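Using our numbering, read the sequence shown as starting at 27 and increasing by one per residue. Don't be surprised by glycine CBs; every beta carbon is placed ideally from N, CA and C. It should be emphasised that the depicted structure is a prediction, and the values quoted were computed from it without experimental measurement. Notes to accompany the following structure.
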Amino acid sequence: MSALTWPPAPSDNPRLPVLCLSGLSRNARDFEALAADLCARGHRVLAMDYRGRGASDRDSDWRNYSVEREAEDIDAGLAALAPGRFIAIGTSRGGIHAMLLACRHPGRVAGIVLNDVGPELDRDGLARIAVSIGTNMRAEDWQAAADSLERSLKAQFPALDAAGWRRLAHQFYRETPNGLTLDYDPALRHNLVEAVQPDAPPIDLWPIYDQLGDVPLLILRGAHSDILTEATLAEMLRRHPNAEAMTIPDEGHAPLLWDAETLARIADFADRCT
């Protein structure tokens, strides 16, 4: 298992540590811009790679790419990294893990940022991801990688320019002796494909969400998201007594956490968590 850690800048007013949890096929590099901003404000930032992603080892049994096994890995990582009381920031699948963390460790999670995820996930969006995950894994060079991402994600990020697509490519891909490859085990697709079958039960995490009590909650939604609907977001705000939301224009699933306005909103929320 691998994790990236960023130490806080010296400060007379130390802040709570921040644990960042990435999406299904993503990795800790997604949080580099956020970590730089939060560290400058006095937070220690940690970002884990789940098994099969980023710098963590691949698992020979794809069945271990499950939420249950990943939760065990996250707890093991917390024991090793010892952040004490912390703020959890979770993108997509990482947001599910953030909610589960608050239920497993009541009192330890001081606040949660959910990045484009909620107790209900739109089936059409999941199906879109299921079609592409684990396919077209390689690219000849960084420009080809950027072009591939633009073709598949342009509808989610219509305003991203050429430099942005290249920046995103460096988060998605890694260099290997055989060229560039997406930085995850393609076997991740099996669990997701099963989840979007017509006879699969719908994902219902409302019982988990309702256990969050009054833990401070910031919900980010990409305006073009096909995973977190406006209706689900509205219900989340209605049910939770201490939740707030921000919709990020020109972005879909999942917001990139690059822009100054989003970074400032997260930092303000983190500063209010005690």
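Around the beta carbon of threonine 288, a 10 Å sphere encloses 16 or more other beta carbons of the protein chains shown; the residue is thus reported as buried. Taking every protein chain shown into account, the CB of asparagine 53 has 16 or more other CB atoms within 10 angstroms, so this residue is buried.
Excluding five sequence positions before and after arginine 149, the CB atoms of its chain that fall closer than 7 Å to its own CB belong to Val222, given in chain order. Spanning the alpha carbons of tryptophan 32 and alanine 59 requires a straight line of approximately 11 Å.
A straight line joining the alpha-carbon of asparagine 268 with that of leucine 243 spans about 6 Å. A straight-line Cα-Cα distance of about 8 Å links histidine 250 and phenylalanine 183. In the structure shown, aspartate 75 adopts extended strand secondary structure according to DSSP, grouped into three states. Taking 8 Å as the cut-off, the Cβ atoms of glycine 116 and alanine 124 count as close. Secondary structure note for tyrosine 199: it is in no alpha helix (DSSP H), and the uninterrupted beta strand (DSSP E) holding it is 199–202. For tryptophan 232, there is no enclosing beta strand (DSSP E); the enclosing alpha helix (DSSP H) has its first and last residue at 232–235. Apart from sequence neighbours up to five positions away, the residues of its chain that approach alanine 293 with a beta-carbon distance below 8 Å are Asp63, Leu64 and Arg67, ordered along the chain.
Going by beta carbons, glutamate 201 and tryptophan 191 fall outside the 8 Å limit. With fewer than 16 other Cβ atoms inside 10 Å of its own Cβ, valine 93 counts as exposed. Each residue's CA atom was taken as its position, placing aspartate 230 and alanine 61 some 31 Å apart.
Per DSSP, the beta-bridge partners of valine 44 are Val71 and Ile113. A distance below 7 Å between beta-carbons, with the five flanking residues on each side excluded, links arginine 111 to the following residues of its chain, in chain order: Leu42, Arg134 and Ala136.
Straight-line measurement puts the Cα of aspartate 101 at about 22 Å from the Cα of proline 145.
For leucine 186, the secondary structure class from DSSP, reduced to helix, strand or coil, is coil. Annotation for alanine 185: Asp276 place their beta carbon closer than 6 Å to its own, counting only its chain and skipping 5 residues before and after. Sixteen is the threshold: since fewer than 16 other Cβ atoms of the shown chains lie within 10 Å of the Cβ of glutamate 270, the residue is exposed. The alpha-carbon of glycine 120 is positioned some 5 Å away from that of serine 48. The bridge partners DSSP lists for glutamate 270 are Leu244. Glutamate 220 and leucine 208 have their alpha carbons spaced roughly 22 Å apart. A check of alpha carbon separations from leucine 254 across Leu238, Thr273 and Gly239 identifies Thr273 as the nearest.
Isoleucine 138 has its alpha-carbon roughly 7 Å from the corresponding atom of valine 241. Taking a 10 Å sphere around the C-beta of alanine 296, we find 16 or more other C-beta atoms and assign the residue as buried.
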